[in-house]
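Shown next, in structure tokens, is the structure this report addresses.
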Amino acid sequence: MSAAEEVSTLMVQKFGVDPAAVQPEVSLHQLRMDSLALEEFRLLIEDRLEIDLGDAALTSRDTVGQLVELVHSKILV
276 MSAAEEVSTL
286 MVQKFGVDPA
296 AVQPEVSLHQ
306 LRMDSLALEE
316 FRLLIEDRLE
326 IDLGDAALTS
336 RDTVGQLVEL
346 VHSKILV
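In terms of the numbering used here, the sequence shown is residues 276 to 352.
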């Protein structure tokens, strides 16, 4: 599964986000991901993909595409 598919799947399954809303240009804020949800989401991604996002500064202003790029870059390291 690609980074984009993993991110989308977790958003839909764990946070109830509409699958059609998960688009690269959509901000995490538009998906109702506040700071607490983002921290939980970061931990879920780390566990599921066995990567470290501890140095990542995720904010609700980031887009789905930016998050996917970040996750993808960590997978390749």
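Just so you know, even glycine gets a beta-carbon here, dropped at the ideal spot from N, CA and C. No experiment lies behind these values; they were computed from the predicted model shown.
| In chain order, which continuous runs of the alpha helix (DSSP H) of length 4 or greater are located wholly inside the stretch 277-302? | 278-290
| request: Answer yes or no: do L345 and L319 have a C-beta to C-beta separation smaller than 8 Å? | output: no
| Cut-off 7 Å between Cβ atoms - residues of its own chain near K289, not counting five sequence neighbours on either side | L319
| request: Can you tell me the Cβ-Cβ gap for R317 and L333, rounded? I've got them flagged as a contact below 8 Å. | output: 6 Å
| query | For Q305, which residues of its own chain have a beta-carbon under 8 Å away from its beta-carbon, when the five flanking residues on both sides are left out? | reply | A296
| By a C-beta neighbour count over all protein chains shown, 10 Å radius and 16 as the cutoff for buried, is L311 buried or exposed? | exposed
| message | DSSP has S338 in a bridge; who is on the other side? | response | The identity of residue 338 in the sequence shown is Thr, whereas the question assumes Ser. In the DSSP output, where bridge partners are listed per residue, T338 has S302.
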